[in-house]
Amino acid sequence: MDRVGIKKVAEHLKQNSDAQVIFMVGAGISTPCGIPDFRSPKTGLYSNLSRLGLPFPEAVFDIDYFEENPKPFYTLARELYPGNFKPSRFHYLMKVFEEKGRLHRVYTQNIDTLEREATISEKYLVEAHGSFASNECISCSKSYSVDRFKEKLEPVKIQHKKGEKDQIEFEYALCDKCDSLVKPSIVFFGESLPARFFDTWEKDLEWLKDKKKKNLVIVVGTSLSVYPFASLPSEVPSEVPRVLWNYEVVGDFHLNPRSSDVIFKGSSDEAAEELAMEMGWNEELRKLVGEEEPRPMDAAEEVAAIASELEQLDITNDNKEE
Ligand code: CNA
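Going by this note's numbering, the first residue of the sequence shown is number 164, and it counts up by one from there.
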């Protein structure tokens, strides 16, 4: 693994103790949690949506198509629902940034609410494409709690005549008041982004222009292909270093690279682990992830570890010089 792109970030943060970070993240930070992203070949959602019988993959998040046929979206919603997944190491790294006073904002395109699950405070969070955290009727706007919406999507067992197999059917989530469809407050294609996205970015752009603080923007796990989110990195003032941690070089980092860009091509969780180590934040990260502290080695294990290290160094009689 080429760690230069992580070491440089750590050096910058250590040398500038009042520098803070804006994270811009996408589906890639949640793939280690078991949630497929959109566009990764073979494993991505788009390549797996054929079973839902969609006319085109994006239709699952298309508001007109949803009104016509909500079943594909409700099927997906049942899979992606909050509570089904745990945050990744990278989600918790962002929480450590908050605890250390080094977090300015998290702009997320994700709708899985794992930033909330990782207990990142709401004031730092901009859910650009909304989330499953709230739900409302598309006609009368009556709102529904997460639990109530979940209840509405519960499968119903349809009993058939003797000799025939029972079938599991899914109900549509219908509004108690007007019988229209209930939809989580996630932004579909054809809908506008929440006002908080635009308002906060305007303020944060001003904040980024403060040259004294040497702040950073770190972009992680996104193909930078959904606008307007995808244009944020290109709007970052030129004096602010941009960092990309992703499997591939994407968007403005590819089209208009800057000499100050810092790139690590690899997994978001590896980057989290490595940065925490460089910063001396491993303990905090481990605690949040819920991992036990490593048990100290007993004498026999220590001897075995030294022997294995020597073996790797290949210090054997055969290699000794005469
Ligand atoms: P995308 O277009 O699927 O791109 C994901 C990017 O992350 C690709 O460049 C991958 O190579 C990269 N990647 C995947 N896994 C990792 C990893 N572990 N470490 C580093 N890089 C990785 O997804 P975007 O977020 O760019 O697209 C925006 C869409 C995706 C938004 O509208 C979301 O609502 C939507 N989405 C969200 C989720 C979620 O909430 N978890 C899941 C799938 C799609």
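Every residue gets a Cβ at the ideal spot worked out from N, C-alpha and C, and that includes glycine.
Around the C-beta of Met187, are 16 or more other C-beta atoms found within 10 angstroms, so that it is buried, or is it exposed? The residue labelled residue 187 in the question sits at position 24 within the sequence shown. Counting the other Cβ atoms within 10 Å of the Cβ of Met187 gives 16 or more, which makes it buried.
Cβ neighbours of Lys372 in the same chain (closer than 6 Å, five flanking residues each side left out): In the sequence shown, residue 372 corresponds to position 209, counting from 1. Here the set comprises Pro400.
Taking the DSSP output, what are the residues bridged to Ser492? Nothing about residue 492 can be read from this structure; the chain reaches only from 164 to 485.
Helix, strand or coil at Gly246 according to DSSP, with G and I counted as helix: Taking the sequence shown and counting its residues from 1, the one referred to as residue 246 is at position 83. The answer is coil: DSSP assigns Gly246 none of H, G, I, E or B.
Excluding the 5 residues flanking Glu369 on each side, which residues of the same chain have their C-beta closer than 7 Å to its C-beta? As a working note, residue 369 is residue 206 in the sequence shown. None.
Identify the continuous beta strand (DSSP E) that holds Phe427 and give its terminal residues. For the purposes of this step, residue 427 is identified with residue 264 of the sequence shown, where counting begins at 1. Per DSSP, Phe427 belongs to the beta strand (DSSP E) from Val425 to Lys428.
From what residue to what residue does the alpha helix (DSSP H) around Met187 run? For the purposes of this step, residue 187 is taken as residue 24 along the sequence shown, with counting starting at 1. Per DSSP, Met187 lies in no alpha helix (DSSP H); the unbroken beta strand (DSSP E) holding it starts and ends at Val184 to Val188.
Complete runs of the beta strand (DSSP E) confined to the stretch 218 to 286 [at least 3 residues]: Annotation note: the stretch 218 to 286 contains the following uninterrupted beta strand (DSSP E) runs of length 3 or greater, listed N- to C-terminal: 266 to 271.
Please list, following the chain, all residues that have a C-beta closer than 6 Å to any non-hydrogen atom of the ligand CNA. The set, ordered by position in the chain, is Gly189, Ala190, Gly191, Ser193, Thr194, Pro195, Ile198, Asp200, Phe201, Arg202, Ser203, Gly207, Leu208, Gln272, Asn273, Ile274, Asp275, His292, Gly384, Thr385, Ser386, Ser388, Val389, Asn409, Tyr410, Glu411, Val413, Ser430 and Ser431.
On the DSSP bridge assignment, give the partners of Phe352 in chain order. Taking the first residue of the sequence shown as 1, we reach residue 352 at position 189. Per DSSP, Asp225.
Is it buried or exposed, Asn419, if we count other Cβ atoms within 10 angstroms and call 16 or more buried? The residue you call residue 419 lines up with position 256 of the sequence shown. So Asn419 counts as exposed.
Judging by CA-CA distance, which residue of Glu441, Gly189 and Ser386 is the nearest neighbour of Val167? Taking the first residue of the sequence shown as position 1, residue 167 is located at position 4. From the listed residues Glu441, Gly189 and Ser386, the smallest Cα separation to Val167 is found for Glu441.
Using the Cα positions of Ser180 and Phe312, report the straight-line distance between them to the nearest angstrom. As a first step, residue 180 is located in the sequence shown; it is residue number 17 there, counting from the start. As a first step, residue 312 is located in the sequence shown; it is residue number 149 there, counting from the start. Their Cα atoms are separated by approximately 45 Å.
Does the beta-carbon distance from Phe248 to Gly197 come in below 8 Å? Start at 1 with the first residue of the sequence shown, and residue 248 comes out as number 85. Start at 1 with the first residue of the sequence shown, and residue 197 comes out as number 34. Yes, they are a contact pair.
Local conformation of Ser471 per DSSP, three classes: For the purposes of this step, residue 471 is taken as residue 308 along the sequence shown, with counting starting at 1. Note: Ser471 maps to helix in three-state DSSP.
Terminal residues of the continuous alpha helix (DSSP H) containing Val167? Indexing the sequence shown from 1 puts residue 167 at position 4. Val167 to Gln178 is the extent of the alpha helix (DSSP H) around Val167.
When DSSP labels each residue in this structure, what does Leu316 get in the three-state scheme? Taking the first residue of the sequence shown as 1, we reach residue 316 at position 153. Residue state, collapsed to three classes: coil.
Alpha-carbon to alpha-carbon, Leu344 and Ser308: Position 145 of the sequence shown holds residue 308. Position 181 of the sequence shown holds residue 344. C-alpha separation (whole angstroms): 15 Å.
Between the beta-carbon of Ala291 and the beta-carbon of Phe352, is there less than 8 Å? As a position in the sequence shown, residue 291 is number 128, starting the count at 1. As a position in the sequence shown, residue 352 is number 189, starting the count at 1. Result no, Cβ atoms of Ala291 and Phe352 do not sit closer than 8 Å.
Buried or exposed: where does Ala468 fall if 16 or more other Cβ atoms within 10 Å of its Cβ makes it buried? The count along the sequence shown starts at 1 and reaches residue 468 at position 305. It counts as exposed.
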